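Here is the structure we will look at, set down as structure tokens.
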Amino acid sequence: MAQLQKSCAIIFKKHTIMARRPFPEINSASMADIAFMLLIFFLVATTMDSDKGIFRVLPPYIDKPIQDEPIKVLDKNLFVVLINKDDRLMVEKKPMHPDDLRKACKDFLTNMNNDEADKIYPEYNVETIEGIGNVKVTKGIVSIQNDRGTSYDKYIEIQNEIVAAYNEVKDEYSKQYFRKPFKDLNEDQQKAIKALIPQRISEAEPKNIGGK
Amino acid sequence: MAKFRKDGKKVAPGISTASLPDIVFMLLFFFMVTTTMRESTLLVKKPKLPKATELTKLEKKSLVSSIYVSTPSIDLQAVFGTQPVVQLNESIEDISKIARFVQLEREARNPNDRDFLTMNLKVDSKTKMGIISDIKMELRKANALKLNYSALPKANKR
Chain A
2 MAQLQKSCAI IFKKHTIMAR RPFPEINSAS MADIAFMLLI FFLVATTMDS DKGIFRVLPP
62 YIDKPIQDEP IKVLDKNLFV VLINKDDRLM VEKKPMHPDD LRKACKDFLT NMNNDEADKI
122 YPEYNVETIE GIGNVKVTKG IVSIQNDRGT SYDKYIEIQN EIVAAYNEVK DEYSKQYFRK
182 PFKDLNEDQQ KAIKALIPQR ISEAEPKNIG GK
Chain B
2 MAKFRKDGKK VAPGISTASL PDIVFMLLFF FMVTTTMRES TLLVKKPKLP KATELTKLEK
62 KSLVSSIYVS TPSIDLQAVF GTQPVVQLNE SIEDISKIAR FVQLEREARN PNDRDFLTMN
122 LKVDSKTKMG IISDIKMELR KANALKLNYS ALPKANKR
């Protein structure tokens, strides 16, 4: 009996020793290789460029324009920007340098009067906007027309200048009514400002004067 | 004297590479976070995007389909010429195929999201507007009205 107990103890002892033996360390030398492999996979399979750009909503396609009542827009309510095939700019029937476009466009958007004699600045509607009150909202529309030969680069530059003009006007109105830049306003306030200066950009079908 | 005798057999201690995996993982995570998955292989030359300041970021990547417009890559110029062409998905297509492309892209999306599908135009800045106008017309006919002119950020002039 004592012998059995002794042998049991030995076995038990053996087991505890085995459990306490230090665990063999896994060699981590190949870890770097695995990580490198993953790294190279991601470098090859991915691209850096983020999707940013100028967002635009196109007008819906109308098969046959209904010409019962053609929409008449007063000449003075239109800010006409023409770009020809040589990427030259004509704004309101006068040639203009692209650098001056933003200022001219802002000027057009912020000035308004309902005077019949005035031929430069657009008319306005008095509208009630929640959060601001009764305000004058311009009827001005920016019209861009390009040639088929205009370069895409110039087209985007002009689009950018006009959007920039709108954004600057929005910012000015935000500071005037809410004492904060537009991006810091809450959703309702942004909505109010957007109603105050609606972004109306019209794009006519391009002409084909310069050829393809 | 023996004290100063050089051992001769002494070797420089090896540099521990234990931190190498950590460094590589750090790089790996950096690239995983900053990059996006490549959507398709380009058959046209990589468009040199125009630069602009008033950019908006496209929010939902899954609701964006890209249309590339650029000159064909050099080995394809024998087939497609040197004029700018349109690449839809994995192939260079005629402009008239855009309507079909839009339809397929729409069908691939969740029915609730179909109206929010945005077309991302990645156009080389040297392209003439003629082809862009044709694409816009096709998109209007296909009723894909949300459009993004892909551009790169530029430092503001002022």
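First to last, the sequence lines map onto chains A and B.
Mind the numbering: the first sequence is residues 2 to 213 in our numbering, read in order.
Mind the numbering: the second sequence is residues 2 to 159 in our numbering, read in order.
For every residue, glycine included, the Cβ atom is placed at its ideal position computed from N, Cα and C.
All values reported here derive from a predicted model rather than from experimental measurement.
Item checked: Cβ pair residue 151 of chain A, residue 127 of chain B closer than 8 Å -> Contact: no.
Notebook entry, point to check: Cβ atoms of residue 70 of chain B and residue 125 of chain B: under 8 Å apart, would you say?
Noted result: Going by C-beta atoms, residue 125 of chain B is nearer than 8 Å to residue 70 of chain B.
Checklist line | Delimiting residues of the alpha helix (DSSP H) encompassing residue 101 of chain B | finding: Secondary structure note for residue 101 of chain B: its alpha helix (DSSP H) is the uninterrupted segment 99–108.
Next item on the list: Name, please, each residue of chain A whose Cβ falls closer than 9 Å to the Cβ of residue 100 of chain B.
Entry: By Cβ distance, chain A contributes nothing, its closest Cβ being about 11 Å from residue 100 of chain B, past 9 Å.
Note to self: Between the alpha carbons of residue 61 of chain A and residue 50 of chain B, how many angstroms are there, rounded?
What the structure shows: Cα to Cα, residue 61 of chain A sits roughly 26 Å from residue 50 of chain B.
Notebook entry, point to check: Considering residue 24 of chain A, what are the terminal residues of the alpha helix (DSSP H) in which it resides?
Noted result: Neither: residue 24 of chain A is in no alpha helix (DSSP H) and is coded neither H nor E.
Next item on the list: With residue 120 of chain B as the anchor, note down where its beta strand (DSSP E) starts and where it stops.
Entry: From DSSP, the beta strand (DSSP E) with residue 120 of chain B extends over 119–124.
Checklist line | Buried/exposed call for residue 159 of chain A, threshold 16 Cβ in 10 Å | finding: With 16 or more Cβ atoms within 10 Å of its Cβ, residue 159 of chain A is classed as buried.
Item checked: Whole-angstrom C-beta distance between residue 122 of chain A and residue 114 of chain A, which should lie under 8 Å -> Yes, residue 114 of chain A and residue 122 of chain A are in contact; Cβ-Cβ is about 6 Å, under 8 Å.
Next item on the list: Look at residue 149 of chain B and residue 121 of chain B and say whether their C-beta atoms are less than 8 Å apart.
Entry: Taking the C-beta atoms as reference points, residue 121 of chain B is found nearer than 8 Å to residue 149 of chain B.
Checklist line | Coarse secondary structure for residue 20 of chain B, derived from DSSP in three states | finding: Note: residue 20 of chain B maps to coil in three-state DSSP.
Check: When you compare only the Cα positions, how much space is there between residue 53 of chain B and residue 91 of chain A?
Finding: Taking the Cα positions, residue 53 of chain B is about 21 Å away from residue 91 of chain A.
Check: For the stretch 18–39 of chain B, which residues have a beta carbon sitting closer than 8 Å to at least one beta carbon of chain A?
Finding: Residues passing the 8 Å Cβ filter: 18, 19, 21, 22, 25, 26, 28, 29, 32, 33, 35, 36, 37, 38, 39.
Item checked: Beta-carbon spacing of residue 118 of chain B, residue 43 of chain A below 8 Å -> No, they are not a contact pair.
Notebook entry, point to check: Going along chain B, which residues have a C-beta under 9 Å from residue 201 of chain A?
Noted result: In chain order: nothing, as chain B lies at least about 16 Å away.
Check: Can you tell me whether DSSP reads residue 86 of chain B as helix, strand or coil?
Finding: Correct three-state label for residue 86 of chain B: strand.
Margin query: Suppose contacts are defined by Cβ-Cβ distances below 8 Å. Is residue 33 of chain A in contact with residue 14 of chain B by that definition?
Written below: No, they are not a contact pair.
Notebook entry, point to check: Which parts of the stretch 26–95 of chain B are runs of the beta strand (DSSP E), unbroken and 3 residues or longer, counting only runs that do not cross its ends?
Noted result: The qualifying runs are 65–71, 86–89, 92–94.
Next item on the list: Output the boundary residues of the alpha helix (DSSP H) element that contains residue 138 of chain A.
Entry: Premise fails: residue 138 of chain A lies in the beta strand (DSSP E), 134–139, not in any alpha helix (DSSP H).
Note to self: So, at 7 Å on beta carbons, what are the nonlocal neighbours of residue 164 of chain A in its own chain, with the 5 sequence-adjacent residues on each side left out?
What the structure shows: Within the same chain, residue 164 of chain A has close Cβ partners 55.
Note to self: Measuring straight from C-alpha to C-alpha, what distance separates residue 94 of chain A and residue 33 of chain B?
What the structure shows: Going by the C-alpha atoms only, they are around 52 Å apart.
Note to self: Using the three-state DSSP reduction, which class does residue 127 of chain B fall into: helix, strand or coil?
What the structure shows: In the three-state scheme derived from DSSP, where H, G and I count as helix and E and B as strand, residue 127 of chain B is classed as coil.
Next item on the list: Helix, strand or coil for residue 120 of chain A, going by three-state DSSP, please let me know.
Entry: In the structure shown, the three-state DSSP call for residue 120 of chain A is coil.
Note to self: Looking at chain A, is there any beta carbon in it that lies within less than 8 Å of the beta carbon of residue 134 of chain B?
What the structure shows: Chain A, which has a Cβ nearer than 8 Å to the Cβ of residue 134 of chain B, makes this yes.
Item checked: Contact with chain B by residue 195 of chain A, beta-carbon distance below 8 Å -> Residue 195 of chain A does not count as touching chain B.
Next item on the list: Using 10 angstroms around the beta-carbon of residue 11 of chain B, count the other beta-carbons present and answer buried if the total reaches 16, otherwise exposed.
Entry: Counting Cβ neighbours within 10 Å, residue 11 of chain B comes out exposed, since fewer than 16 surround it.
Check: If contact means a Cβ-Cβ distance below 9 Å, which residues of the stretch 138–154 of chain B contact chain A?
Finding: Correct list: 138, 140, 141, 142, 143, 144, 145, 146, 147, 148, 149, 150, 151, 152, 153, 154.
Item checked: Limits of the beta strand (DSSP E) - the one that residue 91 of chain A falls within -> 90–92 is the span of the beta strand (DSSP E), which, as asked, contains residue 91 of chain A.
Note to self: Helix, strand or coil for residue 63 of chain A? Go by DSSP, reduced to three states.
What the structure shows: DSSP places residue 63 of chain A in coil when its eight states are reduced to three.
Margin query: As a quick exercise: from B/137, B/46, B/147, B/97, pick the residue whose alpha carbon is nearest that of residue 82 of chain B.
Written below: With distances taken between CA atoms, residue 82 of chain B lies nearest to B/46 out of B/137, B/46, B/147, B/97.
Next item on the list: Within its chain, find whatever has a CB closer than 8 Å to the CB of residue 198 of chain A; leave out the 5 residues flanking it on each side and keep chain order.
Entry: Correct list, in chain order: 110, 138, 139, 167, 170, 171, 174.
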